[in-house]
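Per this note's numbering, the very first residue in the sequence shown carries number 9; after that it's consecutive. We put the beta carbon where it would ideally sit given N, CA and C, even for glycine. A quick note: this is a predicted structure, and the numbers were derived from the prediction, not measured. Below is one structure, written out as structure tokens; the observations come after it.
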Amino acid sequence: MRVSVSKEAQEDQAVFSFNVARKEPVSAAKAEKPKGNYKRSVHSYNIPNVTLLNQDGKKVNLRSLIDSGKPVIVDFIYTTCNTICPVLSASFANLRKELGKDAEQVQLISISIDPEHDRPEQMKKYLSRFSAGKGWDFLTGSREDIRRVLQALDATVEDKMAHEPIYLLRAPDSEEWVRTKGLMRKTDLLGELRSMDR
9 MRVSVSKEAQ
19 EDQAVFSFNV
29 ARKEPVSAAK
39 AEKPKGNYKR
49 SVHSYNIPNV
59 TLLNQDGKKV
69 NLRSLIDSGK
79 PVIVDFIYTT
89 CNTICPVLSA
99 SFANLRKELG
109 KDAEQVQLIS
119 ISIDPEHDRP
129 EQMKKYLSRF
139 SAGKGWDFLT
149 GSREDIRRVL
159 QALDATVEDK
169 MAHEPIYLLR
179 APDSEEWVRT
189 KGLMRKTDLL
199 GELRSMDR
């Protein structure tokens, strides 16, 4: 699959295009490398075979969604958060805007870290604040299923109000995930997507 962006980003004037290629599995996490305002590392995760609910109340198998043949970016948020979650979601929204007609070629997944309170109706209302469309799924589920997902992706939090800004990025059919910790702008996300082809 090829995704191209011909519009110049305000923060990054370079014309941008990227290919997403299959990556070989990694056996262990690589050392974190500081990059801008965030840290970047590479990992391999075993995604649990769980069925969650999206913002439309539709059952979604997480593995199937991740293995949809598109680049995937995952973040971890909750609907009543008023600190970093809206910032993470704004980065997703700005990325989609920058990608334009190619926005649906990248699968965005927001996973609730507050499944007891995040129900489809709240999640749909939350996403509407960011003009989310097809290709951006907000997922919740039972406490146990969400616990399994967060544990598998090394995103477990003791206190939801103190969770860190984390993105996970993966090329189609790859076993390798790029993990970033820190706030990212749309140009940072675009750069990480582009680097999948290197």
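Inset, instruction - Starting from the C-beta of D145, find all residues in its chain whose C-beta is less than 6 Å away, skip the five residues before and the five after it, and write them out in chain order. - result: For the purposes of this step, residue 145 is identified with residue 137 of the sequence shown, where counting begins at 1. Correct list, in chain order: N62, I117.
Legend entry - Span separating the alpha-carbon of P173 from that of D162: Locating residue 173 in the sequence shown gives position 165, counting from the first residue. Locating residue 162 in the sequence shown gives position 154, counting from the first residue. Their Cα atoms are separated by approximately 13 Å.
Legend entry - Residue ranges of each beta strand (DSSP E) within the segment 41 to 74, 3 or longer: 41 to 43, 46 to 51, 59 to 61, 67 to 69
Legend entry - Rounded separation between P180 and C93 - CA only: Counted from its first residue, the sequence shown places residue 180 at position 172. Counted from its first residue, the sequence shown places residue 93 at position 85. Distance between the alpha carbons of P180 and C93 is about 26 Å.
Inset, instruction - Taking 8 Å as the threshold, find out whether the segment 48 to 65 comes into contact with the segment 80 to 94 through three or more Cβ pairs. - result: no
Legend entry - Rounded C-alpha distance that separates R178 from V114: Translated into the one-based positions of the sequence shown, residue 178 becomes position 170. Translated into the one-based positions of the sequence shown, residue 114 becomes position 106. Cα-Cα distance, rounded: 10 Å.
Legend entry - Spatial distance of T59 from G149 (CA atoms): For the purposes of this step, residue 59 is taken as residue 51 along the sequence shown, with counting starting at 1. For the purposes of this step, residue 149 is taken as residue 141 along the sequence shown, with counting starting at 1. Cα to Cα, the separation comes out at about 8 Å.
Inset, instruction - Measure the alpha-carbon distance for K67 versus K47 and round it to whole angstroms. - result: As a working note, residue 67 is residue 59 in the sequence shown. As a working note, residue 47 is residue 39 in the sequence shown. Answer to the nearest angstrom: the Cα atoms are 33 Å apart.
Inset, instruction - Return yes when the Cβ of L191 is within less than 8 Å of the Cβ of N45, no when it is not. - result: Translated into the one-based positions of the sequence shown, residue 45 becomes position 37. Translated into the one-based positions of the sequence shown, residue 191 becomes position 183. It is a contact, given that the beta carbons lie within the stated cut-off.
Legend entry - Rounded C-alpha distance that separates S182 from K78: Indexing the sequence shown from 1 puts residue 182 at position 174. Indexing the sequence shown from 1 puts residue 78 at position 70. The alpha-carbon atoms of S182 and K78 are separated by roughly 10 Å.
Inset, instruction - Going by DSSP, name the residue or residues bridged to Q115. - result: One-based indexing of the sequence shown puts residue 115 at position 107. V80.
Inset, instruction - Classify S139 as buried or exposed, calling it buried when 16 or more other Cβ atoms lie within 10 Å of its own Cβ. - result: Indexing the sequence shown from 1 puts residue 139 at position 131. S139 comes out exposed.
Inset, instruction - Using three-state DSSP, classify R187 as helix, strand or coil. - result: Locating residue 187 in the sequence shown gives position 179, where the first residue counts as 1. Reduced to three states, the DSSP call for R187 is strand.
Inset, instruction - Reducing DSSP to helix, strand and coil, say where D181 ends up. - result: Within the sequence shown, residue 181 is the residue found at index 173, counting from 1. Note: D181 maps to coil in three-state DSSP.
Legend entry - Length of the line joining the Cα atoms of E217 and V80: Beyond the ends of the chain as shown, which are 9 and 206, falls residue 217; an answer cannot be given.
Legend entry - C-alpha distance - M131 paired with R193, whole-angstrom precision: Reading the sequence shown from its first residue, position 123 is the one you call residue 131. Reading the sequence shown from its first residue, position 185 is the one you call residue 193. For M131 and R193, the distance between alpha carbons rounds to 23 Å.
Inset, instruction - Give every residue of the same chain whose Cβ lies closer than 7 Å to the Cβ of V165, excluding the five residues on either side of it in the sequence, and list them in chain order. - result: Residue numbering aside, residue 165 sits at position 157 when the sequence shown is read from its first letter. Once the five neighbours on either side are set aside, the close Cβ partners of V165 are I121, H171.
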